[in-house]
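Q:
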């Protein structure tokens, strides 16, 4: 039987008869007849198949539906009516669509099977398989028509095997007929279409050949196991590019699932371009990507940015990091922004008002009161985020023109920090997700990721391996050793570059520095920096790490940035030049992804092309979303991707902009073995 997604001419508005509501989950024949009549009437097939209900002649009904391939509008029409049919049956839907109920009502066994097969197809075609068909509609229909004779021959052979009903060969029979549908669609239309053909036949055969359901669970004990093993395996091969938090989150979760016997046939390889001899991690070279820590020649430790651990939103992340690192410093955030240069003319964040000198604070309160009284919250209000941000702050660490960023979004007004006069008169140091945070006592942030990597099976990790090509058609990843990495930038998306400047210093530390965890200096009169005091040897030394952001196309040199940062630290009385005992600097060409107006559309375009070929791009620059690019975000992205691929659970944190449930997991569905995810960071 030709299995084309049902499409049919739709003639107008529904004229439905009101049916009774089911009172239990047991199928009621009168309600089924009423719902069926509405379904056929609204699709104008009531007079087809001698006027019989679809469940009394399932073969004829499906042929009627499949013969109409008039266009995508009709797909929506059929699925809309079928959803009304399902709603009509309500809680009795399952009972009314399973062969057991038909057997109890004296239907012949083959008719009972055909009924469940018909409803199974409809549920899939209008549910999980709908997007795949709509995305590949013309190609799939043409391919099925062109391969009709081969597909029909496979169906006939399968039906002959069903009559023999050898349960020990069930998986082989099913796999053969699935291949007849999957192979041409995969070759002509791509991975998504191949999955559609594979999955619809798996579902139908599990109904038609009743032994398959049990055999799928018991196939490992079959006497023919060795014969069928290579043709019906739950195996999945995953290559993760980069040993950074996203890949490590994925690996950590897969390792958990393996220990629970939920991913025993999943194979994982992590390719990391950093150099490590013999796949062992030498001193000073850690996994972690942009969250790694390096040691300079004087023994000072430097993180690649202002990384801290605050896990209030992700208990899973906290569990993993606490398992990896035993000793932590739990701290309360104490940070300030140097806003002195703004006191005379510009506005400032309202959370900062209580911290100002008394007269400045009073001026702010008077000004805000006057604004509210005179404008009533509307007249003279700024209309969009771009105008507001440029009026108040100019261009800071996003280093991109605000006309390119998410500046025109209507949601900006919901995120403004508007407070009452009473709130503005009293400081609140405990706001925000990082009000309290943790930092490893030893080894810097990189110690977390080094430890997590060491907890994994070491055969998964391969260092000094720089990926040069992903051959998605042949499911191969090609790499070479010891080659510098270069990212491609074909999408219309933005990022900045970041310079890390580390200054090792002799004691003493200025008294005011002892109070704070980090400081911000946005003054345009000198280089914008973020200051943080990290990993001090409190017997002799202390240290300052500066993170300086610049536009991605800025040609400023690392030496110039380093000199300007040191001058800024001296200007702000944080350090004295004679205290300096060590200088470290490095540039990160990719510092932070910058939100832009066109970003989400561009990312959706990329993910659609990648996931069509079972390639999944996550992480700070794999996902390219600033708002979910911290190390905890990236770790959870990896964890949720593992759950999606292995357990078929939807991702919650990262949204690609495309339907993320189209391509099912091989381990969940025992199908579509060409799944070969690549994780790019």
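In the numbering used here, the protein residues as written are 6 to 686.
Glycine included, every Cβ here is placed at the ideal spot set by N, Cα and C.
Bear in mind that the values here come from a model prediction, so they are computed numbers and not experimental data.
(1) Taking the alpha carbon of residue 663 as the reference point, which residue from 611, 630 and 634 has its own alpha carbon closest?
(2) Could you give the C-beta distance for residue 250 and residue 311, rounded to a whole number, given that I count them as a contact under 8 Å?
(3) Figure out for me which residue from 639, 96 and 476 has the closest Cα to the Cα of residue 615.
(4) Please classify residue 572: is it buried, with 16 or more other beta-carbons within 10 angstroms of its beta-carbon, or exposed?
(5) Do residue 248 and residue 273 come within 8 Å of each other at the CB atom, strictly closer than that value?
(6) Leaving out five residues before and five after residue 322 in sequence, what residues of the same chain have Cβ atoms less than 7 Å from its Cβ?
(7) Distance, Cα to Cα, residue 260 vs residue 583?
(8) Measure the C-alpha to C-alpha separation of residue 128 and residue 555 and round it to an integer number of angstroms.
(9) State buried or exposed for residue 576, treating a residue as buried only when at least 16 other CB atoms are found within 10 Å of its CB.
(10) What's the gap between the Cα of residue 304 and the Cα of residue 134?
(11) Hey, out of 471, 598, 267 and 456, whose CA is closest to residue 331's CA?
(12) Counting C-beta neighbours from all protein chains within 10 Å, is the total for residue 154 16 or more, i.e. buried, or is it exposed?
(13) What number of angstroms, rounded off, separates the C-alpha of residue 25 from the C-alpha of residue 163?
(14) Quick check on DSSP: helix, strand or coil for residue 58?
(15) Please report the straight-line C-alpha distance between residue 633 and residue 504, rounded to a whole angstrom.
(16) For the 8 Å Cβ check, are there 3 or more pairs between the stretch 616–631 and the stretch 189–209?
(17) For residue 328, which residues of its own chain have a beta-carbon under 8 Å away from its beta-carbon, when the five flanking residues on both sides are left out?
(18) In the DSSP assignment, the alpha helix (DSSP H) including residue 509 goes from what residue to what residue?
(19) Report the three-state DSSP secondary structure of residue 467 (helix, strand or coil).
(20) How far does the beta strand (DSSP E) with residue 241 in it reach, from first residue to last?
(21) Inspect the beta-carbon positions of residue 137 and residue 201 and report whether they are closer than 8 Å.
(22) Do you know how far the Cα of residue 271 is from the Cα of residue 11?
(23) Considering only the alpha carbon of each residue, which of 451, 623, 126 and 659 lies closest to residue 307?
(24) For residue 620, which three-state DSSP category applies?
(25) Across which residues does DSSP place residue 179 in a beta bridge pair?
(26) Pop quiz: residue 644 and residue 254 are said to be a contact at Cβ under 8 Å. What is the actual Cβ separation, rounded to whole angstroms?
(27) Please work out which residues of its chain come closer than 6 Å, Cβ to Cβ, to residue 157, disregarding the five sequence neighbours upstream and downstream, and give them in chain order.
(28) Pairs of beta-carbons, one from the stretch 514–521 and one from the stretch 586–595, closer than 8 Å: are there three or more?
(29) According to DSSP, what are the bridge partners of residue 598?
(30) Quick one: what's got a C-beta closer than 6 Å to residue 609's C-beta in the same chain, skipping five residues either side?
(31) Give me the Cα-Cα distance between residue 86 and residue 130, rounded to the nearest whole angstrom.
(32) Identify the residues that DSSP records as bridge partners of residue 340: which are they?
(33) Let's see if you can read the secondary structure: which residues bound the beta strand (DSSP E) around residue 658?
(34) What separation, rounded to the nearest whole angstrom, lies between the Cα atoms of residue 233 and residue 177?
(35) In terms of residue numbering, what span does the alpha helix (DSSP H) encompassing residue 453 cover?
(36) Determine the direct distance from the alpha carbon of residue 29 to that of residue 102, and round the result to whole angstroms.
A: According to the structure shown:
(1) Position 658 of the chain shown, counted from the first residue, corresponds to residue 663. Measuring from the Cα of residue 663, the nearest candidate turns out to be 611.
(2) The count along the chain shown starts at 1 and reaches residue 250 at position 245. The count along the chain shown starts at 1 and reaches residue 311 at position 306. Actually they are not in contact, since the Cβ atoms of residue 250 and residue 311 sit about 15 Å apart, beyond 8 Å.
(3) Translated into the one-based positions of the chain shown, residue 615 becomes position 610. Cα-wise, what sits closest to residue 615 is 476.
(4) The residue given as residue 572 occupies position 567 in the chain shown. So residue 572 ends up on the exposed side.
(5) Position 268 of the chain shown holds residue 273. Position 243 of the chain shown holds residue 248. Not in contact: residue 273 and residue 248 (Cβ atoms no closer than 8 Å).
(6) Start at 1 with the first residue of the chain shown, and residue 322 comes out as number 317. Within the same chain, residue 322 has close Cβ partners 316, 637, 640 and 641.
(7) One-based indexing of the chain shown puts residue 260 at position 255. One-based indexing of the chain shown puts residue 583 at position 578. C-alpha separation (whole angstroms): 50 Å.
(8) The residue you call residue 128 lines up with position 123 of the chain shown. The residue you call residue 555 lines up with position 550 of the chain shown. Approximately 53 Å between the Cα atoms of the pair.
(9) Position 571 of the chain shown, counting from 1, holds the residue named residue 576. Label assigned to residue 576: exposed.
(10) Along the chain shown, read from residue 1 onward, the residue named residue 304 stands at position 299. Along the chain shown, read from residue 1 onward, the residue named residue 134 stands at position 129. Going from the Cα of residue 304 to the Cα of residue 134 covers about 57 Å.
(11) Translated into positions along the chain shown, residue 331 becomes position 326. The residue with the shortest Cα to Cα distance from residue 331 is 456.
(12) Residue mapping note: residue 154 aligns to position 149 of the chain shown, counting from 1. That one is exposed.
(13) What you label residue 25 is simply residue 20 of the chain shown in a count that begins at 1. What you label residue 163 is simply residue 158 of the chain shown in a count that begins at 1. The straight-line gap from Cα to Cα measures roughly 40 Å.
(14) Taking the first residue of the chain shown as 1, we reach residue 58 at position 53. Here residue 58 sits in coil by DSSP.
(15) Here residue 633 corresponds to residue number 628 of the chain shown, with the count starting at 1. Here residue 504 corresponds to residue number 499 of the chain shown, with the count starting at 1. Those two C-alpha atoms are separated by around 21 Å.
(16) yes
(17) One-based indexing of the chain shown puts residue 328 at position 323. So the qualifying residues of the chain are 460.
(18) Walking along the chain shown from the start, residue 509 turns up at place 504. No alpha helix (DSSP H) contains residue 509, which is instead part of the beta strand (DSSP E) from 499–511.
(19) Taking the first residue of the chain shown as position 1, residue 467 is located at position 462. Residue state, collapsed to three classes: strand.
(20) Here residue 241 refers to the residue found at position 236 of the chain shown. Per DSSP, residue 241 belongs to the beta strand (DSSP E) from 241–246.
(21) Translated into positions along the chain shown, residue 137 becomes position 132. Translated into positions along the chain shown, residue 201 becomes position 196. Yes, these two residues count as a Cβ contact at 8 Å.
(22) As a first step, residue 11 must be located in the chain shown, where it is residue number 6. As a first step, residue 271 must be located in the chain shown, where it is residue number 266. Interpretation of residue 11 is limited by its pLDDT of 32, a score under 50 that renders its predicted location unreliable; no figure is taken from the coordinates.
(23) Walking along the chain shown from the start, residue 307 turns up at place 302. Checking every option, the nearest Cα to that of residue 307 belongs to 451.
(24) Residue 620 sits at position 615 when you count from the first residue of the chain shown. It is coil, neither helix nor strand.
(25) In the chain shown, counting from the first residue as 1, residue 179 sits at position 174. In the DSSP output, where bridge partners are listed per residue, residue 179 has none listed.
(26) As a first step, residue 644 is located in the chain shown; it is residue number 639 there, counting from the start. As a first step, residue 254 is located in the chain shown; it is residue number 249 there, counting from the start. So it is a contact: roughly 5 Å between Cβ atoms.
(27) On the chain shown, residue 157 is found 152 positions in, with the first residue counted as 1. Excluding residues within five positions, none has a Cβ falling inside 6 Å.
(28) no
(29) As a working mapping, residue 598 is identified with position 593 in the chain shown. For residue 598, which the question treats as bridged, DSSP gives the partners 500.
(30) To locate residue 609, count along the chain shown from 1; it is residue 604. Taken in chain order, the residues that qualify are 662 and 663.
(31) In the chain shown, counting from the first residue as 1, residue 86 sits at position 81. In the chain shown, counting from the first residue as 1, residue 130 sits at position 125. Between residue 86 and residue 130, the C-alpha separation is close to 13 Å.
(32) On the chain shown, residue 340 is found 335 positions in, with the first residue counted as 1. DSSP output for residue 340 lists 523 as bridge partner(s).
(33) Mapped onto the chain shown, residue 658 falls at position 653. Segment: none, residue 658 is in no beta strand (DSSP E) and carries neither H nor E.
(34) Reading the chain shown from its first residue, position 228 is the one you call residue 233. Reading the chain shown from its first residue, position 172 is the one you call residue 177. With a pLDDT of only 31 at residue 233, under 50, the local geometry of the prediction cannot be trusted, and the value read off the model is given with reservation. Roughly 6 Å separates the two Cα atoms.
(35) Against the chain shown, residue 453 aligns to sequence position 448. Looking at the DSSP string, the run of the alpha helix (DSSP H) that includes residue 453 is 451–460.
(36) Position 97 of the chain shown holds residue 102. Position 24 of the chain shown holds residue 29. Whole-angstrom Cα-Cα distance: 15 Å.
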